[in-house]
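> For the sequence shown, my numbering begins at 137 and goes up steadily by one.
Ideal placement from N, C-alpha and C gives every residue a C-beta, glycine not left out.
Everything numeric in this text was worked out from a predicted model, so none of it was measured.
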Amino acid sequence: MNKAYDAIIIGGGVSGLIAAKELEAYHLNTLLIDSEPQAGGRLKTDRLDGFQLDHGFQVLLSAYPMVKKHLDLSQLECEAFESGAYCFDTKKGFEVLDVKRNPAAYLKMAFSPIGSFGDKLKVAKLRREVLHKTEEEIYNEPDTSTLSFLQQYGFSDKIIDRFFKPFFGGIFLEHQLETSSRQFQYIFKMFAQGEALLPKKGIAAIAEQLKGQLQRTEFRFNSKVKSILGQAVQLEDGTEFQAKQIIIAGDPSAIMPQYQSDVSWNSTLQLYFSGPKGPLCRKKIGLSFSKDGLISNVACLSQVQPSYGNGQSELYQVSLREELKASEQEMVEKIKRELQLIVGNGLRDWKFLRSYHVRHSLPRLSNLAYERPFEESRLADGIYIAGDHLLNPSLNAAMLSGELAAKALILNHQNK
Ligand SMILES: Cc1cc2nc3c(=O)[nH]c(=O)nc-3n(C[C@H](O)[C@H](O)[C@H](O)COP(=O)(O)OP(=O)(O)OC[C@H]3O[C@@H](n4cnc5c(N)ncnc54)[C@H](O)[C@@H]3O)c2cc1C
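#1: Strictly by DSSP, which residues pair up with G411?
#2: Nearest-angstrom Cα distance between R298 and G251?
#3: Please report the straight-line C-alpha distance between P278 and S317, rounded to a whole angstrom.
#4: Could you give the C-beta distance for I391 and A541, rounded to a whole number, given that I count them as a contact under 8 Å?
#5: I'd like to know whether the C-beta atoms of P335 and E458 end up nearer to each other than 8 Å.
#6: What's the C-alpha gap between Y520 and K180?
#7: Would the C-beta of R178 count as close to ligand 1, meaning under 7 Å from any of its heavy atoms?
#8: Could you tell me if the beta carbon of G338 falls within a distance shorter than 7 Å of some heavy atom in ligand 1?
#9: Name the residue from A328, G152, K380, L475 whose alpha carbon lies nearest to the alpha carbon of E344.
#10: Where does F327 sit, in a helix, a strand or coil, going by DSSP?
#11: Return the residue from the list E218, F224, K227 that minimises the CA-CA distance to V235.
#12: Would you mind sorting A435 into buried or exposed? The rule is 16 or more other CB atoms within 10 Å of its CB.
#13: Assign P509 to buried or exposed, taking buried as 16 or more other Cβ atoms, counted over all protein chains shown, within 10 Å of its Cβ.
#14: Run the CB neighbour count on D190, radius 10 Å, all protein chains shown included, and call it buried at 16 or more, exposed below.
#15: Please report the straight-line C-alpha distance between F224 and L437, rounded to a whole angstrom.
#16: Short check: CB of I144 to CB of A379, under 8 Å?
#17: Using a Cβ-Cβ cut-off of 8 Å (strictly less than) and excluding sequence neighbours within five positions of P442, which residues of its own chain qualify?
#18: Using only alpha-carbon positions, find the residue among T226, Q394, L167, G447 that is nearest to E354.
#19: Checking 8 Å against the spacing of the C-beta atoms, do I342 and L207 come in under that value?
#20: Measuring alpha carbon to alpha carbon, tell me which residue in R495, N238, Q349, D517 is nearest E310.
#21: Would you tell me roughly how many angstroms separate the C-alpha atoms of L346 and D170, rounded to the nearest one?
#22: Considering only their Cβ atoms, is the gap separating K461 from E231 smaller than 8 Å?
#23: Run the proximity test for E344: is its beta-carbon closer than 7 Å to any non-hydrogen atom belonging to ligand 1?
#24: Is the CB-CB distance between S449 and P415 below 8 Å?
#25: Applying the 10 Å Cβ sphere with the 16-neighbour rule, what's the burial state of G305?
#26: Do you know how far the Cα of G192 is from the Cα of N402?
#27: What residues are listed by DSSP as bridge partners for R514?
#28: Hey, out of D255, N433, S455, T270, whose CA is closest to Q329's CA?
#29: According to DSSP, K419 sits in a beta bridge with which residue or residues?
#30: With DSSP as the reference, label A155 as helix, strand or coil.
#31: With H, G and I counted as helix, E and B as strand and the rest as coil, what does DSSP make of R178?
#32: Does ligand 1 have even one heavy atom less than 7 Å from the beta-carbon of P529?
#33: Should F324 be counted as a contact of ligand 1 given a C-beta to heavy atom distance under 7 Å?
#34: Count the other C-beta atoms from every protein chain shown that fall within 10 angstroms of the C-beta of D293, then say buried if there are 16 or more, exposed otherwise.
#35: Tell me, to the nearest whole angstrom, how far the beta carbon of V195 is from that of L333; I am working on the premise that it is less than 8 Å.
#36: Just reading off the beta strand (DSSP E) that A349 is part of, what are its end residues?
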């Protein structure tokens with residue numbers, strides 16, 4: 137029989153790591169268990185031929201309150217995307233500039249083909265509005281789809297198709313903009329308030345930094361939890377650990393079948409290419425508005441954060457609008473044919489590196505919230521729950537949910 141811990145955390149994603157940080161600050165003797173070989177959960181970075189490949193296109197938004205609280209951005213040595221975008225279809229491409237950060241671009245943007253003049257005034261109005269609202273106000277608003285919200289706001293189909301669908305479709309990982317308008321307004325506010333960053337060592341560096349903040353927490357990786365029986369946490373290999381209290385930092389349904397969650401997931405399909413400089417090699421995100429295209433967005437990550445490149449070629453990530461029922465080779469050929477129309481002959485030197493199909497990317501939720509009372513983290517006696525699926529699909533929510541679960545556990549510990 138193993139020793140009894142004050143707390144066991146099941147799941148070493150961002151929510152579990154933040155929970156561990158809070159428990160450690162309270163001097164609780166904690167074990168964190170994860171089925172994977174490392175911490176980070178959905179934050180993963182591979183290295184291949186000198187390139188750095190994140191699993192799915194992810195950015196770190198500097199304006200997230202929880203990022204400001206828990207991360208040392210200077211230590212992550214982040215580089216920022218230029219705000220705005222490069223929008224393209226099969227025939228043309230043009231830049232969209234953020235006039236708030238680049239006032240000299242006012243005239244150019246007034247004539248930009250991204251949308252009507254009225255659309256541009258509405259973007260400015262929406263920006264002002266979301267900046268004046270608190271997070272709580274945004275998440276208390278009526279819940280409608282992002283698409284309905286934009287239509288009701290009076291945006292034209294043109295700007296919705298050319299900008300909002302590829303930009304926010306790439307963030308929500310669904311192109312129809314069915315995601316809640318609350319999330320849309322919140323993310324819009326975060327982009328207006330801060331920057332989209334890439335850490336020097338890839339997106340997984342966020343989790344590495346959080347893990348590095350933990351001094352006394354014990355870790356057990358490559359260990360899948362099978363069930364919880366009373367105060368015992370049982371692994372698939374039969375090992376058992378005892379804990380006074382437990383946090384499940386993820387979906388509890390596989391571990392405690394009596395708590396079936398009804399969360400479904402948005403997935404993402406992403407391809408990496410190496411290649412030379414060219415029309416898509418920019419510090420801005422590239423958005424495809426091609427009507428029949430498969431591509432949602434393209435980003436030349438090595439232009440933004442040079443450590444993503446191998447020093448000789450650029451690294452391009454290409455995210456698709458939806459899953460493709462095709463072999464990897466067929467998929468690469470289709471995407472290359474589409475890219476050829478904008479990159480031209482330079483595409484000859486593009487080399488496919490790897491694809492990532494992340495099935496469980498973002499929880500598809502109804503009734504999204506920014507926060508909730510910490511008592512609601514209690515799942516059963518001595519068992520608490522954390523994870524972005526409890527609030528909204530974001531790193532901020534994952535971190536906040538970890539704090540809330542830890543707070544509930546600590547309070548119960550004090551009262552015992
Ligand atoms: C492609 C992609 C793009 C994204 N883009 C952004 C973005 O740009 N901005 C943003 O804010 N957010 C983004 N996100 C979302 C963000 O990554 C998540 O909100 C966050 O990482 C979730 O953390 P979590 O701790 O809630 O869950 P997870 O990271 O899923 O962690 C759960 C952990 O629990 C472990 N686990 C599960 N079951 C068991 C078990 N039985 N036994 C042991 N361990 C178990 C898993 O191995 C995992 O490590 C993106 C996510 C993806 C995948």
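So, from the data block:
#1: E450
#2: 8 Å
#3: Per the coordinates, the alpha-carbon of P278 lies some 8 Å from the alpha-carbon of S317.
#4: At roughly 15 Å, the Cβ-Cβ gap does not stay under 8 Å, so I391 and A541 are not in contact.
#5: Cβ distance not < 8 Å, so P335 and E458 don't count as in contact.
#6: Each residue's CA atom was taken as its position, placing Y520 and K180 some 25 Å apart.
#7: yes
#8: no
#9: G152
#10: helix
#11: E218
#12: The residue is buried, with at least 16 neighbouring Cβ atoms inside 10 Å.
#13: exposed
#14: buried
#15: Taking the straight line from one Cα to the other gives about 18 Å.
#16: Yes.
#17: E215
#18: L167
#19: yes
#20: R495
#21: Between the alpha carbons of L346 and D170 lies a gap of roughly 15 Å.
#22: no
#23: no
#24: no
#25: Buried.
#26: 12 Å
#27: Y520.
#28: Measuring from the Cα of Q329, the nearest candidate turns out to be T270.
#29: In the DSSP output, where bridge partners are listed per residue, K419 has none listed.
#30: helix
#31: coil
#32: yes
#33: no
#34: exposed
#35: 6 Å
#36: A small fix is needed here, since residue 349 is Gln in this sequence, not Ala. Run containing Q349: none; DSSP gives neither H nor E here.
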